[in-house]
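Undergrad: Dumping the structure here so I can ask a few things about it.
4 protein chains.
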Amino acid sequence: MSPQAPVRAGSSPSAPATARGVRTRAALVAAARTVFERDGFTDAKVTDIAAEAGCATGSFYTYFASKEEALSVVLYEAQREVLDPAANPPTNDEDPWDAITASHRAYFASYRRNARLMLLMEQVAAIDPEFREIRRRFGHTYAERTARTIAELQDRGLADPELDPFLAARALRAMVTRTAYYAYALGDTVGLDDDADLEALVRTTTRLWRNALQPTPYDR
Amino acid sequence: MSPQAPVRAGSSPSAPATARGVRTRAALVAAARTVFERDGFTDAKVTDIAAEAGCATGSFYTYFASKEEALSVVLYEAQREVLDPAANPPTNDEDPWDAITASHRAYFASYRRNARLMLLMEQVAAIDPEFREIRRRFGHTYAERTARTIAELQDRGLADPELDPFLAARALRAMVTRTAYYAYALGDTVGLDDDADLEALVRTTTRLWRNALQPTPYDR
Amino acid sequence: MSPQAPVRAGSSPSAPATARGVRTRAALVAAARTVFERDGFTDAKVTDIAAEAGCATGSFYTYFASKEEALSVVLYEAQREVLDPAANPPTNDEDPWDAITASHRAYFASYRRNARLMLLMEQVAAIDPEFREIRRRFGHTYAERTARTIAELQDRGLADPELDPFLAARALRAMVTRTAYYAYALGDTVGLDDDADLEALVRTTTRLWRNALQPTPYDR
Amino acid sequence: MSPQAPVRAGSSPSAPATARGVRTRAALVAAARTVFERDGFTDAKVTDIAAEAGCATGSFYTYFASKEEALSVVLYEAQREVLDPAANPPTNDEDPWDAITASHRAYFASYRRNARLMLLMEQVAAIDPEFREIRRRFGHTYAERTARTIAELQDRGLADPELDPFLAARALRAMVTRTAYYAYALGDTVGLDDDADLEALVRTTTRLWRNALQPTPYDR
DNA sequence: AATGAATGAGATTTCATTCAT
DNA sequence: TATGAATGAAATCTCATTCAT
């Protein structure tokens with residue numbers, strides 16, 4: 001799933017009523033994220049999560065109905081941390097390429113910070129059809145939104161009229177997300193220092209976007 | 001992993017010596033693929049695989065040392081079926097864009113045929129670091145190869161000199177593979193008939209490639 | 001292994017924290033001993049042990065990481081019950097033969113009480129090289145200790161100077177342990193009542209010890 | 001079991017009729033001994049035995065009805081190789097101590113040669129009550145025979161009249177067999193060269209026998 | 001709320017034995 | 001006889017979830 005896909009928050013058996021309860025729940029969510037990221041959902045053991053949170057196994061079920069629900073909560077809480085590439089569509093006011101550059105930078109930075117979580121999401125997407133459907137819908141919605149922008153650019157003669165706006169939008173987003181996957185989830189970095197590496201990614205992907213959309217002098 | 005990543009073949013306990021053995025082993029490999037694709041590696045039960053193959057549970061272990069090894073064999077055997085985008089690098093003889101078009105078409109067609117398998121690979125990649133490493137290496141090698149072509153085009157003034165050849169190559173490949181994922185693994189199709197849909201993908205991604213690489217009239 | 005060989009205590013997954021846990025663990029240890037003695041280590045089923053202890057199969061693994069570990073614990077706990085022949089070396093204060101008599105009596109009595117356990121130990125010794133090494137070391141240490149006493153007696157003219165003290169010590173201990181094996185593990189009793197039988201063993205072995213060590217009037 | 005305990009020969013499904021059959025059977029028996037000695041009866045796999053014999057698994061069952069039967073045959077065939085301590089009772093013609101010395105030497109030498117087999121026998125004895133009974137009976141018979149000799153010596157004033165002839169006989173034999181076990185099965189050798197070590201065992205045990213039986217000057 | 005032991009269904013794997021060729 | 005694949009009945013061990021305290 002793309003990082004920002006909205007996940008339904010699991011309905012915990014009961015919201016914590018006491019301050020202590022709030023603390024325990026928070027510890028469990030943090031522990032769950034740690035363990036899920038470390039072991040993957042399938043191999044993660046409820047026992048380990050509780051141990052990591054410093055509480056008894058039974059307490060886990062005070063706050064979550066099941067392991068699945070804990071995952072759901074972890075993913076939900078993580079959403080705010082993870083941004084979408086080009087989540088802020090270009091406005092007319094500023095240079096649209098500056099906006100896209102910033103958006104790509106934010107995305108790569110976020111992916112780098114949350115690489116283990118992204119890997120977890122890939123696993124969940126591979127396991128859970130429901131999650132897959134959420135991801136699909138989210139990607140679709142994003143692409144439709146971007147497609148409108150592209151269509152507009154085409155109308156104004158600023159984008160290659162041959163492109164299918166929707167497919168192009170989806171493909172370009174895919175380019176960014178998968179590039180982040182290769183760089184940060186798989187760790188295929190070029191070997192510069194971390195920030196230079198990130199800037200190179202931003203520069204390259206943004207330029208590819210720009211090139212890809214521009215009206216071409218040749219015809220085909 | 002990208003479909004074409006080479007997987008080491010698991011070393012079965014022993015190669016079948018009789019025709020009957022060959023048949024049983026083949027049935028088990030086919031059954032394993034079916035069940036892995038249907039249930040995912042983790043949920044797949046050896047019992048189910050044997051049942052699907054029409055033999056006793058124990059026979060599974062005549063040919064595979066473990067469930068992992070069966071997976072390995074399935075993935076290995078699947079390689080020949082799945083091609084890489086732009087696996088055939090353009091030769092000078094023909095129009096390079098024709099070659100890329102053909103390559104993309106082959107890739108999307110293959111991905112469509114093997115969508116469940118691709119999903120399985122995503123799961124394995126999310127679970128198994130070793131598999132991830134294979135995927136990383138393969139992607140790296142591919143990108144290096146393509147990067148050389150791009151650099152050459154740059155030298156001849158036929159490609160945008162601002163682009164980092166390696167990063168561009170990797171990103172463009174990522175665009176294709178992830179587009180296939182959205183379309184066929186997630187099932188986010190546009191709703192045309194299947195072949196038209198595929199052709200639209202081919203057209204769009206190829207044109208994006210072409211645009212993305214071309215030397216731009218503007219400067220930045 | 002000879003009954004008294006010290007066995008490393010297996011490190012249980014976790015020591016019980018509650019009274020109930022303590023009870024369950026104790027029940028499992030007792031049950032394990034019963035079943036191991038009845039069926040032998042190899043044939044003993046974890047299921048049976050749990051059933052004997054009156055708890056669920058899974059509970060077995062709350063306290064032992066494996067069947068092996070349970071065996072280890074059983075053997076370790078049994079050590080305190082089983083004594084060594086001549087474990088209490090004669091002191092100068094009392095008649096050394098009285099001390100040896102007492103020691104032999106204690107040993108035979110213990111062996112009689114724990115005959116099934118001894119048989120289990122024989123099985124473990126036959127199976128497990130590590131256990132064998134423990135037994136060997138223990139026997140060696142014992143023999144060295146006794147050898148010193150014998151050497152001293154030789155110096156004082158009270159023991160046959162022709163004897164190798166170490167080999168003699170080991171052989172005499174072997175005589176006692178193996179005699180107990182024949183009588184109680186194999187059940188080759190003479191048919192007197194139990195206590196008279198035991199006393200006859202004590203009397204015979206002690207006298208053989210005494211005779212064997214004494215300086216002989218003949219030479220050879 | 002003491003090495004020489006007579007084991008019933010298993011009744012093979014059929015005696016080999018052809019020369020080839022004779023060869024295969026012999027290979028299987030040899031292989032079975034090798035594997036049983038190496039892995040113990042319980043862990044020995046029929047597959048391994050067949051492989052060791054260089055024939056197919058199925059062929060094993062051409063000659064043996066079961067794994068147990070193969071064991072039986074191995075043990076039976078081994079009997080001729082393994083002697084009993086003092087199996088040849090002293091005759092009046094020669095010096096009885098010379099005879100016992102020779103007998104002990106033969107026993108230790110045999111035990112040394114067949115140490116793995118002896119270990120196997122210990123395992124079988126620990127596992128199989130029937131085997132235990134054979135061992136018990138054999139030991140009993142031996143002790144009765146020797147007891148008669150001892151009684152006779154007592155009558156002639158050449159042996160300690162206080163000793164129970166049967167118990168003494170059994171104990172002295174136990175001394176020898178268990179000493180061999182410690183030395184060769186457990187490998188607790190003194191560190192001389194092999195032959196010197198063996199001679200020391202012979203000398204010590206024989207002298208202990210002699211001393212142990214002799215009429216003592218003291219009374220008790 | 002917290003604790004941590006208890007539960008038990010279920011999965012993988014082993015291997016003696018059978019059997020078709 | 002020989003072969004080697006097929007069989008399938010266990011047995012060990014896991015772990016999400018429940019529950020008594």
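Chains as they are written, first to last, in the UniProt record's numbering: chain E, 1 to 220; chain A, 1 to 220; chain B, 1 to 220; chain X, 1 to 220.
For glycine and all other residues, C-beta sits at the position ideal for the given N, C-alpha and C.
Bear in mind that the values here come from a model prediction, so they are computed numbers and not experimental data.
Give me the subset of the segment 122-145 of chain A whose CB atoms are less than 9 Å from a CB atom of chain E, sorted by chain position.
TA: E122, Q123, V124, A125, A126, I127, R132, E133, R135, R136, R137, G139, H140, A143
Undergrad: Which of the three DSSP states is assigned to V35(B) in this structure?
TA: helix
Undergrad: If we ignore side chains and look at the alpha-carbon of each, how far apart do T24(B) and E52(B) end up?
TA: Taking the straight line from one Cα to the other gives about 11 Å.
Undergrad: DSSP on F64(X), reduced to helix/strand/coil?
TA: Coil, per DSSP.
Undergrad: Given Q123(B), which residues of its chain have a CB within under 8 Å of its CB, disregarding the five upstream and five downstream residues?
TA: Taken in chain order, the residues that qualify are G40, F41, T42.
Undergrad: Straight-line CA distance for T34(B) to E68(A)?
TA: 39 Å
Undergrad: For Q214(X), decide whether its Cβ has a neighbour in chain B, counting only Cβ atoms nearer than 8 Å.
TA: Taking Cβ atoms only, chain B reaches closer than 8 Å to Q214(X), which makes this a yes.
Undergrad: Between which two residues does the alpha helix (DSSP H) harbouring G139(X) extend?
TA: Secondary structure note for G139(X): its alpha helix (DSSP H) is the uninterrupted segment 129-155.
Undergrad: Helix, strand or coil for R207(E)? Go by DSSP, reduced to three states.
TA: helix
Undergrad: By the 10 Å Cβ neighbour count, where 16 or more other Cβ atoms means buried, how is D193(A) classified, buried or exposed?
TA: exposed
Undergrad: Along chain A, in chain order, which residues have C-beta atoms closer than 7 Å to that of G40(E)?
TA: Ordered by position in chain A, the residues that pass the 7 Å Cβ test against G40(E) are A126, I127.
Undergrad: Could you tell me if V190(A) is buried or exposed, where buried requires 16 or more neighbouring beta carbons within 10 angstroms of its beta carbon?
TA: exposed
Undergrad: Contact defined as beta carbons within less than 8 Å: I believe A151(B) pairs with P165(B). What is the distance between those atoms, to the nearest angstrom?
TA: 5 Å
Undergrad: Tell me which residue opens and which closes the alpha helix (DSSP H) that D98(A) is part of.
TA: 96-113
Undergrad: Are the Cβ atoms of M175(E) and A171(A) separated by less than 8 Å?
TA: yes
Undergrad: When you compare each of A126(X), D95(X), G58(X) to A185(B) by their alpha carbons, which one comes out closest?
TA: A126(X)
Undergrad: Mark G10(B) as exposed unless 16 or more other C-beta atoms lie within 10 angstroms of its C-beta, in which case mark it buried.
TA: The pLDDT assigned to G10(B) is 39, lower than 50, so where the model puts this residue is not dependable; a value taken from the coordinates is nonetheless given after this. Buried, by the Cβ-count rule.
Undergrad: Starting from the C-beta of R220(E), find all residues in its chain whose C-beta is less than 6 Å away, skip the five residues before and the five after it, and write them out in chain order.
TA: Interpretation of R220(E) is limited by its pLDDT of 40, a score under 50 that renders its predicted location unreliable; no figure is taken from the coordinates.
Undergrad: Using 8 Å as the threshold, is the C-beta distance between Y111(X) and A180(X) below it?
TA: yes
Undergrad: Spell out whether any CB of chain A is found under 8 Å from the CB atom of S48(E).
TA: This sequence places Asp at residue 48(E); Ser is not what is there. Not an interface residue.
Undergrad: Excluding the five sequence neighbours on either side, which residues of its own chain have a C-beta within less than 8 Å of the C-beta of N114(X), listed in chain order?
TA: In its chain, beyond the 5 residues on either side, P3, A78, E81, V82 have a beta carbon closer than 8 Å to the beta carbon of N114(X).
Undergrad: Return the chain-ordered list of same chain residues with a C-beta closer than 6 Å to the C-beta of A19(B), the five sequence neighbours on each side being excluded.
TA: none
Undergrad: Do A159(E) and A143(E) have their C-beta atoms closer together than 8 Å?
TA: no
Undergrad: Once you ignore the five residues that flank T216(A) on each side, which residues in its own chain have a CB closer than 7 Å to its CB?
TA: Excluding sequence neighbours, T216(A) sits near D160.
Undergrad: Taking only three categories from DSSP, how would you classify R220(A)?
TA: For R220(A), the predicted structure reports a pLDDT of 40, less than 50, and the residue's modelled location is therefore unreliable. A value from the coordinates is still provided. Three-state result, R220(A): coil.
Undergrad: Spell out whether any CB of chain X is found under 8 Å from the CB atom of R23(B).
TA: no
Undergrad: Report all residues from its chain with a CB closer than 6 Å to the CB of A5(B); omit the five preceding and five following residues, and keep chain order.
TA: Its pLDDT being 46, under 50, A5(B) is placed unreliably by the model, and the measurement read from it follows with that caveat. I134, R135, F138.
Undergrad: Could you list which residues in chain X have their beta carbon closer than 9 Å to that of R105(B), in chain order?
TA: Result: empty, since nearest Cβ-Cβ is about 15 Å, beyond 9 Å.
Undergrad: Is the beta carbon of T47(B) less than 8 Å from the beta carbon of T62(B)?
TA: At a Cβ-Cβ threshold of 8 Å, T47(B) and T62(B) do not count as neighbours.
Undergrad: Give every residue of the same chain whose Cβ lies closer than 6 Å to the Cβ of L153(A), excluding the five residues on either side of it in the sequence, and list them in chain order.
TA: A159
Undergrad: For T189(X), which three-state DSSP category applies?
TA: coil
Undergrad: Would you mind working out which of R156(E), R173(E), G157(E) sits nearest R145(E), comparing C-alpha positions?
TA: R173(E)
Undergrad: Should A147(A) be flagged as near chain E, meaning a C-beta pair shorter than 8 Å?
TA: no
Undergrad: Roughly how many angstroms separate the alpha carbons of E100(X) and T206(X), rounded to a whole number?
TA: The question names Glu, but residue 100(X) in the sequence shown is Ile. Whole-angstrom Cα-Cα distance: 7 Å.
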